[in-house]
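Quick note on numbering: numbering that gives the first Met the number 0 labels position 140 of the sequence shown as 139, and the sequence is numbered without any gaps.
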Amino acid sequence: MSETVMNGGAKEGLPACAERWALALTERRSVTGSEDEASFGPWLAGKLRQETAFRHAEIWTIEVEPGDGRHCVAMLLRGGGRATVVLTGHYDTVTTRDYGELEELATRPGLLTPALGKTLATAETAAARRARVDFASGEFLAGRGLLDMKAGLAAGLAVCTQFAESINPAGNIFFLAVPDEENNSAGARRAAQALPTIADECQLEFAAAINLDAIADDGDGSKGRIIALGTVGKLLPTAYVVGVPAHSGFPLNGLNAATLAAAIATRVEWAPELTDQSRSEPGTPASLLSIRDGKAGYDVTTPASAYASFNVLSYRRTPGEVFDRFEQLCAQAASTCLGALKQRLGPGNEPAAIDVVDNIALYRYEAVADRLDGKAISRVGALGASLAASELSLPEQCRLVIEEAWRLSRLSGPAVVIGFGSIPYLPTNLSQPPRSQKAARDCRRHCRQRRRTLRLYDCLRRLFRRHLRYELLW
């Protein structure tokens, strides 16, 4: 079986090399937006330069923006010719706060795994019981970012190590680790801008790119052992809701924006109209990512505005098709909510503000922007430029831009303004040229072979561990 050379010069198997890198990367914190994320890139570049296997590699960093502090990490391993495979993934992670009392152990898999196992001693849910069995098996490690996606980067680095120690390997490998996947994808977008220049200066032809991220699998792991030949589209439609504020002692004098937003959230959540099916997999339902009102603090006035953003995945639909469906759902939800509120008004009630409201106006953002004069357009543009230089998330930047455009439009509520709160990511599939199709066939054949090998290896490892108290290494 394959062997690679580790830093000290001794032989280690490919899985052992991947495990070594996975633990090293995980133990270095890199939560998105933190100082740890900013320092991770230079640290990783330094680690790569220390590896004996990479002594002939070209290693450098690419700053996301001047003064930004975050860096993409690039490593070029040359073999023969110009053809190059890109191995890429992100190194930032989501927060560790959700580990609660175990947060200090969140990036220390060796300590976190048994500690989590103890918390599952009285597991009641099916998922918790499965986790308890997994941890007890000794075949699983827990850790923030270990799955998503430092183990993927580690697998890529193990392959890079094997390639670097090969004799006269064909082609080249370009390893690329990027920050900020969990927020605005600033690292990947900066890397994409840099690739044409890198290809030209290094005389490379990028023949394929492999995203090293993990595939989710809540079962036995078999579905996670796949090679995906495309990407899922990801959209973030948003609804900015304008109500009619009123003193909470006289709620009939207004229309609560938060109530309207909640109605939209309820209608969109898991809506089958937004669930896009692939040819081989069931679609992922839409889900609410955030909802908030526009109040800066507590007072006794009902919310004048609210903002909701949703995650919508697509396999075939265009952003325009998704947006049309989202618009229809928002209109239905607003109309249903208004009707329900009117039905709750009894004959003895005082006159209500909604008595004269026949429908909730619904606008696309561009319709609001089209109502602005030149001066207002300049103000919105200046605000957008200022926000782009801030550390606010794209959805929050969009909320503030919509809020300002609505204020300057002189339109009145109740109303709903819909838009996108982030860059649309389009679904992709492997192209049809013969070389691409050959790569797809090779991937399928390799997967079938690996599955048979992995099943045999897993069986042998369990037998050795159970009967001989011996750990079988690959």
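All residues carry an ideal CB built from backbone N, CA and C; glycine is no exception.
Only a predicted model underlies this, so the values are computations on that prediction, with no experimental measurement involved.
What whole-angstrom Cβ distance do residue i and residue j have, given they're in contact under 8 Å?
| i | j | result |
| --- | --- | --- |
| ALA150 | ALA262 | With 8 Å as the limit, ALA150 and ALA262 do not qualify as a contact, their Cβ atoms being about 41 Å apart. |
| ARG291 | ALA305 | 7 Å |
| GLY137 | LEU111 | With a Cβ gap of about 14 Å, GLY137 and LEU111 do not count as contacting. |
| ALA206 | ALA56 | Between ALA56 and ALA206 the Cβ distance is about 19 Å, and since that is not below 8 Å, they are no contact. |
Taking the alpha-carbon of residue i as reference, which of the options has the nearest alpha-carbon?
| i | options | result |
| --- | --- | --- |
| ALA256 | ALA135, ARG266, ALA264, PRO244 | PRO244 |
| GLU100 | GLU181, THR118, ASN348, ASN252 | THR118 |
| GLY45 | CYS201, VAL72, ALA285 | VAL72 |
| ALA227 | THR274, LEU429, PHE325 | LEU429 |
| GLN192 | ILE172, GLU62, ALA135 | GLU62 |
| CYS475 | ARG189, ASP133, GLY78, TYR98 | Shown here, the chain extends from 0 to 473; a query on residue 475 therefore has no answer. |
| ALA23 | ASN348, ASP298, ARG107, LEU288 | ARG107 |
| VAL415 | GLU204, SER389, CYS329 | CYS329 |
| TRP405 | ALA295, PHE205, ASP372 | ASP372 |
| ALA52 | ASP67, LEU13, PHE162, THR121 | PHE162 |
| TRP20 | ALA295, LEU146, GLY418 | LEU146 |
| SER247 | PRO426, ARG443, PRO302, ALA125 | PRO302 |
| GLY418 | GLY109, GLY345, ALA368 | ALA368 |
| GLY232 | GLY253, LEU203, ALA295, VAL311 | VAL311 |
| ASP354 | LEU115, ASN252, ALA387 | ASN252 |
| ARG27 | HIS70, PHE173, LEU43 | LEU43 |
| ASN358 | CYS442, ILE209, ALA339, VAL30 | ALA339 |
| GLU164 | GLN431, PHE309, LEU287, ARG54 | ARG54 |
Let's test the definition: count the other Cβ atoms within 10 Å of the Cβ of residue i and tell me whether it reaches 16, buried, or not, exposed.
| i | result |
| --- | --- |
| GLN342 | exposed |
| ALA17 | buried |
| GLN396 | buried |
| PRO236 | buried |
| PHE249 | exposed |
| GLN436 | exposed |
| GLY412 | buried |
| SER1 | In this predicted model, SER1 has a pLDDT of only 40, less than 50, meaning its place in the structure is not dependable; the value taken from the coordinates is given anyway. It is exposed - the Cβ of SER1 has fewer than 16 other Cβ atoms within 10 Å. |
| TRP59 | exposed |
| ASP179 | buried |
| GLU11 | buried |
| SER408 | buried |
| GLY50 | According to the sequence displayed, residue 50 carries Glu and not Gly. Buried, since its Cβ has 16 or more Cβ neighbours within 10 Å. |
| THR3 | Its pLDDT being 40, under 50, THR3 is placed unreliably in this model, and the coordinates cannot settle the point. |
| LEU394 | Note on identity: in this sequence residue 394 is Pro, with Leu being the wrong assignment. PRO394 is buried by the Cβ-count criterion. |
| GLY40 | buried |
| ASP275 | buried |
| THR283 | buried |
| HIS445 | exposed |
In the DSSP assignment, find the alpha helix (DSSP H) that holds residue i and state where it starts and stops.
| i | result |
| --- | --- |
| PRO14 | 13-26 |
| SER377 | 373-387 |
| SER136 | 125-136 |
| ASP292 | Here ASP292 belongs to no alpha helix (DSSP H); instead the beta strand (DSSP E) covers 286-292. |
| VAL311 | Element bounds for VAL311: not the alpha helix (DSSP H) but the beta strand (DSSP E), 304-313. |
| GLU365 | 364-368 |
On the DSSP letters alone, give me the boundaries of the beta strand (DSSP E) that residue i sits inside.
| i | result |
| --- | --- |
| ILE172 | 170-177 |
| PRO236 | 236-241 |
| LEU75 | 70-79 |
| ALA414 | 414-419 |
Answer yes if the stretch 394-407 comes into contact with the stretch 352-369, meaning at least three C-beta pairs across the two stretches below 8 Å, and no otherwise.
The answer is yes - the stretch 394-407 touches the stretch 352-369, with three or more Cβ pairs under 8 Å.
With a threshold of 8 Å, are at least 3 pairs of Cβ atoms found where one atom belongs to the stretch 300-315 and the other to the stretch 335-353?
Too few Cβ pairs lie closer than 8 Å, so no.
If we count Cβ pairs, one from each stretch, closer than 8 Å, do we get three or more for the stretch 154-165 versus the stretch 29-41?
The stretch 154-165 vs the stretch 29-41: no contact.
Could you tell me whether the stretch 192-212 touches the stretch 277-295, using the rule of 3 or more Cβ pairs below 8 Å?
With the cut-off at 8 Å, the stretch 192-212 and the stretch 277-295 do not touch.
Are the stretch 86-102 and the stretch 177-188 touching by the rule of at least three beta carbon pairs closer than 8 Å?
Here the stretch 86-102 lies against the stretch 177-188, with 3 or more beta-carbon pairs under 8 Å apart.
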